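Protein sequence lines correspond, in order, to chains A and B.
Under our numbering, the residue at position 81 of the first sequence is numbered 81, and the numbers go up by one with no gaps.
Under our numbering, the residue at position 425 of the second sequence is numbered 425, and the numbers go up by one with no gaps.
The C-beta atom is built at its ideal place from N, Cα and C for all residues, glycine as well.
None of these values were measured; they are calculated from a predicted model.
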Amino acid sequence: MNRRRLRDAAAALPAGAVLIFTPPYMRIYDQDWTVFGVPFLHVSLFALWFVGLVLSAALARRLIADEEAGEDGGVEALDAPPPSDGAEPPAHAARGD
Amino acid sequence: MLTTGVIILIAGVYLGGLFLLAFYSERRAAQGRARFIQSPLVYTLSLAVYCTSWTFYGAVGSAARSGLEFLTIYLGPTIVLMAWWLLLRKLVRISKAQKITSIADFISARYGKSASISALVTLIALSGVAPYIALQLKAVASSVDALGGLHVRTPVSATNHGILADTGFWVAVCMALFTILFGTRNQSADERQPGIVAAIAFESIVKLVSLGAIALFALYGMNGGIADLYARADWHAGVARLTTLGAEFETRWLATLFLAAAAFICLPRQFHVGVVENNDERHLATASWMFPLYLMLVSLFVIPIAISGMTQLPETANPDLFVLTVPLSEGRTGLALVAFIGGLSAATSMVIVSSIAMSIMISNHLVTPLLLRLSVFSQQRTSDFSKVLVLVRRLSIIAILTLGFIYYHSIGTTSPLASIGLISFAAVAQFLPALIGAVYWEGGTKAGATAGLIGGFGLWTYTLLLPSFAGAGYVVIELVESGPFGIELLKPNALLGLTGWDPLVHGLFWSLSVNVVLFAAVSLFSEQSPLERLQSAVFVDAFDRRRTGVEGAIPRSAATEDLFRLARRILGRDRADRLFAEYAQSVGLDRRADLPKTDPALIVYVERALAGSIGAASARSLVARIAKGETISLESVIQILDETQEAIRYSRELERKSRELEETARQLREANAQLTELDRLKDDFLSRVSHELRTPMTSIRSFSEMLVEQAAQRGPQALEGAQAQRFLGIIQHESVRLTRLLDQILDLNRMENGQLDWEFERLDLVDVAREAMETMHGLAQNSDVELIDGLGDARLPVLADGDRLKQVFVNLLSNAIKFNDAAERGGIGRVWVEVDRTALPSAGLAAIAVRDNGPGIPPSEQQTLFSKFSRGWKEGARRPTGSGLGLAISKQIMLQFGGELLLTASSLNGSSFAVRLTRAEDAAERPDAAE
Numbered sequence: 001m002n003r004r005r006l007r008d009a010a011a012a013l014p015a016g017a018v019l020i021f022t023p024p025y026m027r028i029y030d031q032d033w034t035v036f037g038v039p040f041l042h043v044s045l046f047a048l049w050f051v052g053l054v055l056s057a058a059l060a061r062r063l064i065a066d067e068e069a070g071e072d073g074g075v076e077a078l079d080a081p082p083p084s085d086g087a088e089p090p091a092h093a094a095r096g097d
Numbered sequence: 001m002l003t004t005g006v007i008i009l010i011a012g013v014y015l016g017g018l019f020l021l022a023f024y025s026e027r028r029a030a031q032g033r034a035r036f037i038q039s040p041l042v043y044t045l046s047l048a049v050y051c052t053s054w055t056f057y058g059a060v061g062s063a064a065r066s067g068l069e070f071l072t073i074y075l076g077p078t079i080v081l082m083a084w085w086l087l088l089r090k091l092v093r094i095s096k097a098q099k100i101t102s103i104a105d106f107i108s109a110r111y112g113k114s115a116s117i118s119a120l121v122t123l124i125a126l127s128g129v130a131p132y133i134a135l136q137l138k139a140v141a142s143s144v145d146a147l148g149g150l151h152v153r154t155p156v157s158a159t160n161h162g163i164l165a166d167t168g169f170w171v172a173v174c175m176a177l178f179t180i181l182f183g184t185r186n187q188s189a190d191e192r193q194p195g196i197v198a199a200i201a202f203e204s205i206v207k208l209v210s211l212g213a214i215a216l217f218a219l220y221g222m223n224g225g226i227a228d229l230y231a232r233a234d235w236h237a238g239v240a241r242l243t244t245l246g247a248e249f250e251t252r253w254l255a256t257l258f259l260a261a262a263a264f265i266c267l268p269r270q271f272h273v274g275v276v277e278n279n280d281e282r283h284l285a286t287a288s289w290m291f292p293l294y295l296m297l298v299s300l301f302v303i304p305i306a307i308s309g310m311t312q313l314p315e316t317a318n319p320d321l322f323v324l325t326v327p328l329s330e331g332r333t334g335l336a337l338v339a340f341i342g343g344l345s346a347a348t349s350m351v352i353v354s355s356i357a358m359s360i361m362i363s364n365h366l367v368t369p370l371l372l373r374l375s376v377f378s379q380q381r382t383s384d385f386s387k388v389l390v391l392v393r394r395l396s397i398i399a400i401l402t403l404g405f406i407y408y409h410s411i412g413t414t415s416p417l418a419s420i421g422l423i424s425f426a427a428v429a430q431f432l433p434a435l436i437g438a439v440y441w442e443g444g445t446k447a448g449a450t451a452g453l454i455g456g457f458g459l460w461t462y463t464l465l466l467p468s469f470a471g472a473g474y475v476v477i478e479l480v481e482s483g484p485f486g487i488e489l490l491k492p493n494a495l496l497g498l499t500g501w502d503p504l505v506h507g508l509f510w511s512l513s514v515n516v517v518l519f520a521a522v523s524l525f526s527e528q529s530p531l532e533r534l535q536s537a538v539f540v541d542a543f544d545r546r547r548t549g550v551e552g553a554i555p556r557s558a559a560t561e562d563l564f565r566l567a568r569r570i571l572g573r574d575r576a577d578r579l580f581a582e583y584a585q586s587v588g589l590d591r592r593a594d595l596p597k598t599d600p601a602l603i604v605y606v607e608r609a610l611a612g613s614i615g616a617a618s619a620r621s622l623v624a625r626i627a628k629g630e631t632i633s634l635e636s637v638i639q640i641l642d643e644t645q646e647a648i649r650y651s652r653e654l655e656r657k658s659r660e661l662e663e664t665a666r667q668l669r670e671a672n673a674q675l676t677e678l679d680r681l682k683d684d685f686l687s688r689v690s691h692e693l694r695t696p697m698t699s700i701r702s703f704s705e706m707l708v709e710q711a712a713q714r715g716p717q718a719l720e721g722a723q724a725q726r727f728l729g730i731i732q733h734e735s736v737r738l739t740r741l742l743d744q745i746l747d748l749n750r751m752e753n754g755q756l757d758w759e760f761e762r763l764d765l766v767d768v769a770r771e772a773m774e775t776m777h778g779l780a781q782n783s784d785v786e787l788i789d790g791l792g793d794a795r796l797p798v799l800a801d802g803d804r805l806k807q808v809f810v811n812l813l814s815n816a817i818k819f820n821d822a823a824e825r826g827g828i829g830r831v832w833v834e835v836d837r838t839a840l841p842s843a844g845l846a847a848i849a850v851r852d853n854g855p856g857i858p859p860s861e862q863q864t865l866f867s868k869f870s871r872g873w874k875e876g877a878r879r880p881t882g883s884g885l886g887l888a889i890s891k892q893i894m895l896q897f898g899g900e901l902l903l904t905a906s907s908l909n910g911s912s913f914a915v916r917l918t919r920a921e922d923a924a925e926r927p928d929a930a931e
């Protein structure tokens, strides 16, 4: 997955989660069936929850790997964090007189 | 049944153990040996401070009362963490850069480091957190009572016996002590507190394990597994709430989902552990799945406990205490004790972190600004302010817990835990518009944020807090029932006639909609101060590296000595010395004394460091007192921002220009290489020409010298001898050859320069080839080479100069005949002339191939075959060679016709040349069509 798609996915995943866990969809899970004695509503909610966090884990790994790979220059790398913890060194930029 | 004394002893032992753990971790961390505390796992577990006793006891109660709605409290944060890349990462990045100490500090820093807005946020947070702390006190107190068998079957009531007999009072006192001992050991909020973090993480494990144990007991101790649990539930009407969705669950579901998501960011303690205490953005990536996993497990554990409680306990049992009463009902006191410890963990971790976060906010945003106004503290000579700060923090903790206790004592015992918690959530959710606006909308102003916060908070108080007091049976009950002054339209539960709504949804709707509208509208009609403008750009473009350091561009000057004195006063001697030593080192100096007398970057540096201790607003006002030239105009700020934009554009422009220069240089290098090559070719050509001319010239010269010599010796008659005649013949032959060579060179030269006149006419390539074959017939016979006409009746109409075209064929044929060595190899020399089939696929080409079975052209010669004076056949070959210009001329001729001359194949068994021209279809067919 390229960088752009990765970042789009980072926004799409929570958006999808909102959709899945809110009313119109919630009604769909509310069925009379049971799975091994467990109401379908419980099974589907927790299954979706689990799938969501698995996707989140996969995405998070790639995002971090991508960010670490992208730190060496390039226009897109402007998004990358500063090399060290950023806050501690004084603003050298201001000393450019 | 345990006595209250034993329970308190156990709780004391547990808290003591926790204290030791925190103490030990802090020691290890001080020695730099507690790396595990900085791991993503510990970060995730510290986020789990979200799960308070509301979760531990209240979620089960909520599940039993209102069904699956309890899930939203855990789904909300799950979604927020899944969106970590969009929001939390940005909050963390900004907070690190700005040394943010709390959510109030964050909002204040964005809206121009305003002291008033941070005080407002602190007050709202305090109002929101007090009920929440009351909830913890209530939960622990009732759990102690339940475990001690005081009021197992009835709702807990502790108000009858006076404060000292109230379990909740002693719980509050214990927690205040614990928090003061731990939370205020460090003077600065930005310094991490490893002891606290370790304790919180440990408690998160305890509560998960404990809840899991009760859930397993409910599943297998009281029921025969999952299927049995649900099977028994079928007999119970209440459980249906938990296994299906209610008829109108939608609005409350959406409202609580939103509240939980908002609270997960806006609650002071969540902001503290999630953003302020975060020390690595990558921890968020791990937490983005690990924390949802934690929440999912918690939710999973809640369900069997709730179902068991409903199906197997008497109807009168308090659902909020199911976690305890489920094992107690089976006589499992040990297990109940495990549950009690879990609940205690949940409560203590929440109270500790909340009161630490709140004490930082109170001391930084309420007390410090006031103290700094007092003349005692504003004098330069005043000694260490940091000690005062610690004292203020400790008093704040006591104040917060007192407030929580008052709320608990007055009303907290009647409402269910979840409803108290949701009221708190709604209070802190008022920060959301200002917070989101802070990081995504540059146009939000301080006035807008203030108006939104005040409006939202006012409506929250009126529609949510007030009715909660009324429920406890106070005078406000009349106001809630019939509206102020009997005006129905102003009833807190049905504002402007919106009746029939759920009170929570109603209150949330009014407070947040007014909040958002005021924030947006007032922002549109108010101006930003210069500092606000600057901060808004820094916040919104947090990921733009070019924006960092913008603040240093504000023209200010302050004496280094003054800054040092200020830092010492606020941060204490040691920290100030360390701070300046680090700064000196970072700019490449050895000691503080080497620093220049004034240094603009140092001002920013010191202000940040102070902000990390007392908040951005106070830090700014302190630095402003000693820094000159601070008053900046909006114009100059916009100019600074524009200048950085300009600098970016300028550097882009430079980049582009340097790319262009590089390109030009590359082209120049190429042109130079071409020129050098041409120059070399020219030299080459000249030397070859000289060489070619020299051979005939030498023979002419030597033979003429011989004739001159003979004439000198024997008189004129010597020239009449046969030998002399032969010499003259050679001389004539050589001069003819010389002339022809020169003609050819001139010819070629004219052709290359395009100076030759061409007479294009329509003709047939086949006819031209046949003519050439006839011409070469004699030579072929003399050389015993067979000329084979394989053209058949093909017609290949072209536009060309007939004589020149024939010259090409003659040249090819003569080469093929002259150099044919098939006879020597025991065969018959053959030359074929035929239509070139290889060129057929590309339509519109007329092509003829001249093929021989001669020696072929070695690969090394093929490259230069068509250049001047090249001889594909070895120099000094058996037969006399031509001028070496034939093929070069032929190639030039073909190029002039827009065609080509190619060597299509060559091997030891012969070679094949192709003459290709554009087929002149029209020219050939038009006459036919006309006839």
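Listed by position along chain A, the residues whose Cβ is nearer than 7 Å to that of B/E250 are P23. The Cβ of B/A227 sits closer than 9 Å to at least one Cβ of chain A. Of the other Cβ atoms in all chains shown, fewer than 16 fall within 10 Å of the Cβ of B/A823; this residue is therefore exposed.
When the five nearest sequence neighbours on each side are left out, the beta carbons in the same chain lying within less than 7 Å of the beta carbon of B/Y14 are those of I341, L344, in order along the chain. If the five residues before and after B/L508 are omitted, its C-beta is found closer than 6 Å to the C-beta atoms of A255, A426, all from its own chain and listed in chain order. Unbroken alpha helix (DSSP H) runs of no fewer than 4 residues, entirely contained in the stretch 745 to 829 of chain B, are found at 765 to 775, 777 to 782, 802 to 818, following chain order.
A distance below 6 Å between beta-carbons, with the five flanking residues on each side excluded, links B/V92 to the following residues of its chain, in chain order: V275, N278, E281. Secondary structure of B/L374 (DSSP, three-state): coil.
Beyond the five residues adjoining it in sequence on each side, B/R750 comes within less than 7 Å, by CB distance, of L756 in the same chain, given in chain order. The bridge partners DSSP lists for B/V121 come to none.
Taken through DSSP and simplified to helix, strand or coil, B/F913 comes out as strand. Looking from the CA of B/V538, the closest CA among B/A109, B/V736, B/I7, B/Y43 belongs to B/A109. Between A/W33 and chain B, the shortest Cβ-Cβ separation is not below 9 Å. Taken atom to atom, the span from the alpha-carbon of B/S204 to that of B/A48 is near 6 Å. In chain order, L75, T78, I79, M82, A83 make up the part of chain B whose C-beta sits under 9 Å from the C-beta of A/A17. At a C-beta separation below 8 Å, A/S56 has these neighbours in chain B: L81, M82, S288, W289, P292. Assignment of B/E442 by DSSP, reduced to helix, strand and coil, places it in the coil class. The C-beta distance from A/F40 to A/Y25 rounds to 14 Å, too long to fall under 8 Å, and the pair is not in contact. Between B/L372 and B/S621, the C-beta spacing is below 9 Å. By the C-beta density criterion, A/H42 is buried, having at least 16 other C-beta atoms within 10 angstroms. Against chain A, the CB of B/A285 has a partner CB under 9 Å away; the residue lies at that interface.
Neighbourhood of B/R232 in chain A, by CB distance below 8 Å: empty, with the nearest CB roughly 11 Å away. Taken through DSSP and simplified to helix, strand or coil, B/A846 comes out as strand. Of the other Cβ atoms in all chains shown, fewer than 16 fall within 10 Å of the Cβ of B/N672; this residue is therefore exposed. Only exposed fits B/E709, as fewer than 16 other CB atoms lie within 10 angstroms of its CB.
Assignment of B/T461 by DSSP, reduced to helix, strand and coil, places it in the helix class.
Annotation: Cβ neighbours of A/V38 in chain B (cutoff 8 Å, chain order): I226, A227, Y230.
B/A619 counts as buried, since at least 16 other C-beta atoms from the protein chains shown sit within 10 angstroms of its C-beta.
Its chain contains V49, I200, E203 as the residues whose beta carbon lies nearer than 6 Å to that of B/S349, once the 5 sequence neighbours on both sides are disregarded; these appear in chain order. Cβ-Cβ distances below 6 Å link B/V516 to P433 in the same chain, with the five nearest sequence neighbours on each side left out; the list follows chain order. The beta-carbon distance between B/A576 and B/A567, rounded to whole angstroms, is 4 Å. This is short enough to meet the 8 Å contact definition. Boundaries for B/S618: no beta strand (DSSP E) harbours it, while the alpha helix (DSSP H) harbouring it runs 616 to 626, taken from the DSSP string.
Nearest to B/I889 by alpha-carbon distance, out of B/N753, B/A780, B/W289, is B/N753. B/K446 is positioned such that its CB atom lies no closer than 9 Å to that of B/I100. DSSP places B/P858 outside both helix and strand once states are collapsed to three, so it counts as coil.
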